[in-house]
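Right, one structure below, let's go through it.
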Amino acid sequence: MDYGMKNRLSRVIKPDGRCMFMPLDHGYFLGPTSCLEKPGETVKPLLPYCDALFLTRGVLRSCIDPTLDKPIILRVSGGPSIVGEDLANEGITTSIEEIIRLNAAAVGVSIFVGAPYETQTILNLAELVNQCEDYGIPVMAVTAVGKETEKREARFLSLSCRIAAEMGAKVVKTYWCAKDFDKVVEGCPVPVVMAGGPKCDTEREVFDFVYDGLQKGAIGVNLGRNIWQSPFPAPMAKALYAVIHENAKPNEAEDMFNELKNKK
Ligand code: 5RP
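Heads up: take any position in the sequence shown, counting from 1, add 126, and you land on this note's numbering.
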């Protein structure tokens with residue numbers, strides 16, 4: 127691997143091999159998502175616990191201080207909205223010149239395996255890899271499921287992750303699943319990062335699944351709503367950071383969260 131690619135990857139994946147990415151990209155198809163109406167304000171108290179921010183160029187330019195020393199993973203796919211016909215009908219939204227101009231440490235693009243637009247989105251990923259490899263910029267593939275949340279099971283996730291890696295993604299973001307998540311990770315020759323999904327009922331559920339996923343080989347998370355939609359976002363982020371980077375067990379993370387939230 128060339129210096130530039132290695133250097134950028136090392137900015138988003140920390141020396142312990144783990145990562146905690148903070149997604150703020152939801153507005154690209156959901157509009158002003160609850161608690162993310164002002165992304166710059168939402169993220170401020172969470173910054174100490176973010177290894178990188180995942181967002182679009184629009185939110186980056188308008189909401190994030192350019193002097194902030196935090197690696198940026200630029201969301202570069204989009205097109206459809208939540209009220210449109212098909213969430214999978216995505217294209218690449220951001221040119222390679224713009225990716226370089228914005229000093230992105232990496233980029234992220236969704237693929238929708240099993241959807242009518244699967245070929246289009248897989249070719250989006252391949253095309254982005256073609257462009258980014260020339261400049262040493264890592265591509266993170268997001269294995270999206272659109273509105274079909276029942277697709278979050280191991281066989282489907284394995285298929286999506288493997289295809290993403292075969293197309294040249296350097297990191298694959300996918301959903302954790304209760305059964306056979308280890309097989310999903312084993313079948314993917316590049317690092318796997320877990321997405322969060324809609325807010326869980328309890329904090330403990332989040333600590334449990336993140337801990338389990340890490341034991342099964344995932345290297346970290348790209349997890350948003352379960353942090354910034356929490357009534358206590360900073361305690362939640364700090365406790366999750368401890369699970370990811372300090373090997374805290376779920377019960378330790380829960381204790382930490384309760385202690386911090388009661389201090390407020
Ligand atoms: C949206 C995304 C988000 O980055 C991803 O879903 C993670 O955020 P959350 O934990 O809120 O699900 O890719 O398409």
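Positions of the beta carbon are idealized from the N, C-alpha and C atoms, including for glycine. Treat the numbers as computed from the prediction; the structure is a model and nothing was measured.
I need the DSSP call for residue i, collapsed to helix, strand or coil.
i: Met266; result: strand
i: Asn388; result: helix
i: Met293; result: coil
i: Val271; result: coil
i: Thr300; result: strand
i: Met127; result: coil
i: Phe307; result: helix
i: Asn377; result: helix
i: Ser284; result: helix
i: Glu312; result: helix
i: Leu366; result: helix
i: Arg278; result: coil
i: Ile168; result: Ile is not the amino acid found at residue 168; the sequence shown has Thr there. Here Thr168 sits in helix by DSSP.
i: Leu194; result: coil
Hey, how far is the Cα of residue i from the Cα of residue j?
i: Ala214; j: Ala360; result: 33 Å
i: Arg278; j: Ile248; result: 18 Å
i: Ala368; j: Leu251; result: 32 Å
i: Lys170; j: Asp308; result: 34 Å
i: Ile139; j: Asn373; result: 16 Å
i: Ala267; j: Trp302; result: 15 Å
i: Met157; j: Ala241; result: One detail in the question is off: residue 157 reads as Gly in this sequence, not Met. Using only the alpha carbons, I get a separation of about 23 Å.
i: Leu285; j: Val255; result: 19 Å
i: Tyr261; j: Met131; result: 8 Å
i: Gly205; j: Ile289; result: 22 Å
i: Val318; j: Cys258; result: 20 Å
i: Glu211; j: Ala230; result: 31 Å
i: Arg207; j: Phe155; result: Note on identity: in this sequence residue 207 is Ser, with Arg being the wrong assignment. C-alpha separation (whole angstroms): 4 Å.
i: Glu385; j: Ala365; result: 10 Å
i: Ile416; j: Gln246; result: Not covered by the structure: residue 416. The range shown for the chain is 127 to 390.
i: Cys161; j: Val311; result: 31 Å
i: Arg183; j: Gly217; result: 15 Å
i: Val271; j: Leu194; result: 32 Å
i: Ala321; j: Thr300; result: 6 Å
i: Pro315; j: Arg330; result: 30 Å
i: Pro165; j: Gly323; result: 18 Å
According to DSSP, what are the bridge partners of residue i?
i: Phe180; result: Pro149 and Ile199
i: Val347; result: Met146 and Met320
i: Tyr337; result: Paired residues: none, contrary to the question.
Are the segment 226-238 and the segment 188-199 in contact at 8 Å, needing three or more beta carbon pairs?
-> A contact exists between the segment 226-238 and the segment 188-199.
Going along the chain, which unbroken runs of the beta strand (DSSP E) with 3 or more residues stay wholly within the segment 204-259?
-> The qualifying runs are 232-237.
Given 8 Å as the limit, is there contact between the segment 146-166 and the segment 343-353, that is, 3 or more CB pairs closer than that?
-> Yes, they touch.
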